[in-house]
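Visitor: I'd like to ask you about the structure that follows.
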Ligand code: ADP
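In the working numbering, the protein residues as written are 1 to 251.
Shown next, in the form of structure tokens:
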């Protein structure tokens, strides 16, 4: 069982809108998977399903040793809650906008989850947080408040905060799309570093050139299915007409 991530038969509708129609993919530890595709194709719903921020109608999500088969989930509220908690703990989410606590310092934002949610000692969580801030290039900004930072810096804190919970996998949902163009590069650089350090990443992004650099696997979503998949050749030499059309619009 070498795959760290396994998603299979994922389906999801919102009312009458069918959003995912049987999405399958696997990813090995230390790899970068890029989800690409037109707006509304279901990319965000896949990420949110992996973190159980959405409840799929059916299908399996497994990350490391935690899994839920949403077609036949554990019976009983307590058992289901335990399974959700276990699966959630395996991944960290980075959103378009960072959702930092505005009234807490940068360090406070990073320490909050590990201490309050995971019950880790404050000293340990603080030491971890300092290391993570160094990793995202923000050593020395521990005592700043989010409002005092640029959008790019805030997003880098967002990444550090997701990592502070020590997930197996980082799920990044268009991490640069809310940023001013001049701030995109610094956030992509941090993500590149994480990829180089063999973090397992699943990224929804429209940054095609960045995807070419970091992706081990590219999944092109269209209409709630994986319409094309492969390595970066999906970006450079797409086989499907709809992938070609999409990329022509992006580049
Ligand atoms: P993408 O990330 O590829 O743009 P999404 O996964 O965000 O696609 O959305 C896919 C479709 O699901 C869209 O049509 C969107 O309007 C719909 N959708 C997403 N979330 C909800 C929701 N909470 N309620 C109703 N419809 C939703």
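Glycine included, C-beta positions come from ideal geometry on N, C-alpha and C. Being a predicted model, the structure only gives us computed values, none of them experimental.
Note down, in chain order, each residue of its chain lying with its Cβ closer than 6 angstroms to the Cβ of residue 97, except the 5 sequence neighbours on either side.
Guide: 178, listed in sequence order.
Visitor: Could you give the uninterrupted runs of the alpha helix (DSSP H) lying entirely in the stretch 73-105, keeping only those of 4 residues or more?
Guide: 77-89
Visitor: What residue from 103, 4 and 236 has the CA that sits closest to residue 26's CA?
Guide: By alpha-carbon distance to residue 26, the top candidate from 103, 4 and 236 is 4.
Visitor: Please confirm if the stretch 239-249 is in contact with the stretch 55-70, defined as three or more CB-CB distances below 8 angstroms between the two stretches.
Guide: no
Visitor: For residue 12, count neighbouring Cβ atoms within 10 angstroms of its own Cβ and tell me buried if that reaches 16, exposed if not.
Guide: buried
Visitor: Residues in its own chain within less than 7 angstroms of residue 261 by CB, not counting five upstream and five downstream?
Guide: Absent from the structure is residue 261, since the part of the chain shown begins at 1 and ends at 251.
Visitor: Are the CB atoms of residue 160 and residue 136 within a distance shorter than 7 angstroms?
Guide: yes
Visitor: Pairs of beta-carbons, one from the stretch 185-205 and one from the stretch 143-156, closer than 8 angstroms: are there three or more?
Guide: yes
Visitor: For the beta strand (DSSP E) that contains residue 173, what are its first and last residues?
Guide: For residue 173, the enclosing beta strand (DSSP E) begins and ends at 169-173.
Visitor: Pop quiz: residue 45 and residue 204 are said to be a contact at Cβ under 8 angstroms. What is the actual Cβ separation, rounded to whole angstroms?
Guide: The Cβ separation is near 10 angstroms, so there is no contact.
Visitor: Quick one: residues in its chain with C-beta nearer than 7 angstroms to the C-beta of residue 169, no 5 flanking neighbours on either side, listed in chain order?
Guide: 4, 5, 63, 90, 91, 200 and 202
Visitor: Measure the Cβ-Cβ separation of residue 171 and residue 93 and say whether it is below 7 angstroms.
Guide: Contact: yes.
Visitor: Given a threshold of 16 other Cβ atoms within 10 Å of its Cβ, counted over all protein chains shown, does residue 176 qualify as buried or as exposed?
Guide: buried
Visitor: Cα-Cα, which of 130, 100, 103 and 158 is closest to residue 190?
Guide: 158
Visitor: Assuming residue 73 contacts residue 83 under a Cβ cut-off of 8 angstroms, what Cβ separation, rounded to an integer in Å, is found between them?
Guide: Going by Cβ atoms, the distance from residue 73 to residue 83 rounds to 7 angstroms, so yes, they are a contact pair.
Visitor: Going by beta-carbon coordinates alone, are residue 232 and residue 248 separated by less than 7 angstroms?
Guide: no
Visitor: Report the three-state DSSP secondary structure of residue 253 (helix, strand or coil).
Guide: The first residue shown for the chain is 1 and the last is 251, placing residue 253 beyond what the model contains.
Visitor: Within 10 angstroms of the Cβ of residue 167, are there 16 or more other Cβ atoms? Answer buried if so, exposed if not.
Guide: The Cβ neighbour count for residue 167, taken over all protein chains shown within 10 Å, is at least 16; the residue is labelled buried.
Visitor: Relative to the C-alpha of residue 211, which residue among 33, 65, 18 and 28 is closest?
Guide: 33
Visitor: If you check the beta carbons only, do residue 129 and residue 100 fall under 7 angstroms apart?
Guide: no
Visitor: My understanding is that residue 115 touches residue 125, with C-beta atoms under 8 angstroms, so please give their C-beta distance in whole angstroms.
Guide: Between the beta-carbon of residue 115 and that of residue 125 there is about 5 angstroms, and that keeps the pair under the 8 angstroms contact cut.
Visitor: Below 8 angstroms CB to CB, which residues in the same chain sit around residue 208 once its five sequence neighbours on both sides are set aside?
Guide: Sequence-distant Cβ neighbours of residue 208 in its own chain, meaning closer than 8 angstroms and more than five residues away, are 36, 235, 247, 250 and 251.
Visitor: State the start and end residues of the unbroken alpha helix (DSSP H) segment that holds residue 49.
Guide: DSSP places residue 49 inside the alpha helix (DSSP H), whose first and last residues are 43-50.
Visitor: In the DSSP assignment, what residue or residues form a beta bridge with residue 62?
Guide: 6 and 67
Visitor: Return yes when at least one heavy atom of the ligand ADP lies under 6 angstroms from the C-beta of residue 14, else no.
Guide: yes
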